[in-house]
Every structure is written in structure tokens, then in C-alpha cells.
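Chemist:
In the numbering used here, the protein residues as written are 115 to 433.
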């Protein structure tokens with residue numbers, strides 16, 4: 115199996131390390147600093163699934179997809195931030211290694227709207243989506259730590275393609291240390307994650323609080339409830355579904371199980387802001403606002419969260 119991992123951040127290194135461990139031929143498409151570290155020092159994964167390490171000769175690293183020429187690639191795993199999707203989709207559509215129908219694109223990304231970006235440039239039935247609720251932390255450009263794992267990686271199609279095409283990939287990821295499985299309901303899985311992220315990630319970033327603190331205080335519980343209700347309304351109006359019939363059902367599990375399980379966790383968006391990096395707010399709260407405008411659903415709470423995070427982004431960039 116030949117796999118290109120586009121993006122050598124925490125998720126890319128975490129999933130890529132599983133594939134190397136399971137015997138796949140893996141090449142990372144990485145930025146110059148990450149490429150240097152990986153080519154010089156190799157790759158290391160630590161954390162709750164144990165430790166593995168690979169010398170540089172166990173995998174490949176390139177700076178661009180076109181460096182692979184016409185090499186036969188079975189799967190391209192897109193592990194970049196959502197705001198990079200247009201540029202990545204353009205690069206993949208032009209790369210000789212990705213032109214064959216047998217090459218499948220799998221999106222390991224946050225938020226909603228990534229599939230539409232790729233499906234506009236690549237045959238939609240070749241584009242698959244993965245829902246990841248495993249915590250990956252980058253300790254150095256070549257060292258990823260797995261901090262938490264809530265459920266198996268779920269891989270499926272939003273275009274009605276045969277998800278069995280993903281079984282070899284899911285099996286290799288699982289064999290390499292992180293549980294993964296194919297699902298016919300990836301849309302529901304993705305929306306479950308979006309609901310969770312819209313409620314916690316922006317609010318935790320703006321208030322600089324961990325998730326448990328947000329769940330313990332009545333004012334922030336009320337804000338999260340309102341975000342969940344309007345995000346659920348947008349999802350239903352747009353014709354999508356998740357694992358709960360209504361927002362009330364989601365909120366019971368959210369406050370009863372999800373928030374307590376991640377009580378000490380801090381928002382990844384907060385980490386981005388503190389580091390002066392661009393956030394993925396437009397693929398979370400921003401996606402809810404955009405869909406709300408398209409389908410006539412008011413989204414005042416998501417709009418406020420989007421605008422507050424954008425403000426904090428601008429302040430961080432100015433420092």
C-alpha cells in the first residue's frame with residue numbers, strides 16, 4: 115500500500131506513524147522545517163497507545179505532491195487545517211500521482227465544508243472523510259504524543275461511494291496502533307463532532323477556560339445550550355443528520371458524558387491563538403453561520419463566537 119500524508123502536523127504524524135508501523139509505504143508532504151526534522155531525525159510517536167520510532171529511511175518526505183511524479187499512490191490522507199483546503203485540493207487535482215481513479219483522497223480535517231472544496235476539483239466518489247476524536251499533540255516537528263482517545267477513527271463517504279474501498283486503510287491504521295473502522299454513517303459522525311466543537315472550542319478560546327469550567331458555570335452552560343440548539347437547527351434545515359433526534363438529546367449526553375470526560379482539556383483554538391496561528395473558526399462556527407444564511411436559520415450565538423475569535427486572531431497577529 116502506497117500512502118501520501120499531506121500535512122506533517124500532529125494528526126498527519128500520528129496517523130502516518132500507524133501506517134508505517136503496519137508496513138505501508140508512506141511519504142509525507144511537509145513544510146520545509148518539518149521536512150528537515152523528519153529527514154534528519156526520523157519520526158517518533160508516544161502516548162496512550164505506546165511508543166514507536168522510525169529512522170528516516172523508513173518513510174519518504176517531499177515538499178510538494180508534484181515531486182512524486184507519476185508514482186502510484188493508493189491513498190492521499192489530507193491532514194491540513196481546513197483553511198488550506200482550496201490550495202491542497204488544487205495541488206492534488208494537478209498532481210500526476212493523484213490522477214488515477216484508484217487513488218482515493220481521505221480528509222482527516224476539522225469542521226464542515228472540506229468535502230465540498232475537494233469534490234469541486236476531484237471526482238466526489240474518490241473523496242472520503244474521516245472523523246477523528248483522538249487527541250494528538252506535537253512535541254517537536256518529528257515527535258507526536260497521543261493524549262486522549264474517545265472513539266475509533268471513522269472513515270466513510272459523503273458521496274455514496276462504496277466505503278468498503280476504505281477497509282484496507284482502516285485495517286492498516288488499526289494494525290499500527292490506533293483503532294479505525296469504516297462506517298456508512300460518517301455524515302452523522304462528522305456532525306456530532308461539529309456540534310461538540312461549536313459548543314466548546316470557540317468559547318474555551320475566548321474565555322481562556324478549560325472545558326470543565328465552561329460546563330460547571332450556569333452562564334456558560336446556557337451559552338453552549340444556545341449554540342447547540344441553533345447548530346442543530348442549521349444542520350436539520352440543510353438536510354443533514356447526526357446521532358440524536360434533537361438538540362435536547364445531544365445536550366443530555368454533552369453535559370452528562372462528553373464534557374466530564376474532557377474536564378481538564380483546553381481548546382485547541384486557544385492554543386492556536388496563544389501561538390499567533392490562524393484558527394479553524396470558519397469551518398466550525400463560521401460554517402454554521404454560512405449554512406444558516408443559506409437556509410434561513412438565525413445563528414446569533416455562532417455568529418458572535420465567530421466574530422470574537424476573528425477579533426482575537428487579529429489581535430494575536432498584531433502582537
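Just so you know, even glycine gets a beta-carbon here, dropped at the ideal spot from N, CA and C. Keep in mind it's a predicted model, so treat the numbers as computed, not measured.
Among residues of its own chain, excluding the 5 on either side of residue 295, which ones have a beta-carbon nearer than 8 Å to its beta-carbon?
Modeler: The residues are 266, 267, 268, 269, 284, 288.
Chemist: Is the Cβ of residue 330 closer than 8 Å to any Cβ of chain B?
Modeler: The structure shown has no chain B; it contains just one protein chain.
Chemist: For the candidate residues 174, 161, 337, 201, whose alpha-carbon lies nearest to that of residue 130?
Modeler: Nearest option by C-alpha distance: 174.
Chemist: Verify whether the separation of the beta carbon atoms of residue 240 and residue 215 is less than 8 Å.
Modeler: In this structure, residue 215 lies closer than 8 Å to residue 240 by Cβ.
Chemist: Measuring CB to CB, does residue 315 end up less than 8 Å from residue 372?
Modeler: Taking 8 Å as the Cβ cut-off, residue 315 and residue 372 do not qualify as a contacting pair.
Chemist: What residues in its chain sit with their C-beta under 7 Å from that of residue 176, if we drop five residues either side in the sequence?
Modeler: 141, 143, 182.
Chemist: If you draw a straight line from the C-alpha of residue 312 to the C-alpha of residue 342, how long is it?
Modeler: Roughly 8 Å separates the two Cα atoms.
Chemist: For residue 206, I'd like the list of residues in its chain whose CB is within less than 7 Å of its CB, leaving aside the five on either flank, ordered along the chain.
Modeler: Excluding residues within five positions, the ones whose Cβ falls inside 7 Å are 179, 190, 212, 219, 236.
Chemist: Measure from the alpha carbon of residue 300 to the alpha carbon of each residue in 126, 354, 201, 251, then state which is nearest.
Modeler: Residue 354 is the option with its Cα nearest to residue 300.
Chemist: Please work out which residues of its chain come closer than 7 Å, Cβ to Cβ, to residue 352, disregarding the five sequence neighbours upstream and downstream, and give them in chain order.
Modeler: Within the same chain, residue 352 has close Cβ partners 405, 409.
Chemist: Enumerate in chain order the residues of its own chain whose CB-to-CB distance from residue 347 is below 6 Å, with the five nearest sequence positions on each side excluded.
Modeler: Taken in chain order, the residues that qualify are 411.
Chemist: What do you get for residue 250, buried or exposed, if any count of 16 or more other CB atoms within 10 angstroms of its CB means buried?
Modeler: Buried: at least 16 other Cβ atoms inside 10 Å.
Chemist: Closest to residue 416 by CA distance: which of 425, 403, 208 is it?
Modeler: Checking every option, the nearest Cα to that of residue 416 belongs to 403.
Chemist: Taking C-alpha atoms, which residue in 368, 203, 425 lies nearest to residue 307?
Modeler: Answer by Cα proximity: 368.
Chemist: Between residue 292 and residue 317, which are expected to be in contact by the criterion C-beta below 8 Å, what is the C-beta distance as a whole number of angstroms?
Modeler: Going by Cβ atoms, the distance from residue 292 to residue 317 rounds to 28 Å, so no, they are not a contact pair.
Chemist: Which residue marks the beginning of the alpha helix (DSSP H) containing residue 421, and which one marks its end?
Modeler: From DSSP, the alpha helix (DSSP H) with residue 421 extends over 414-432.
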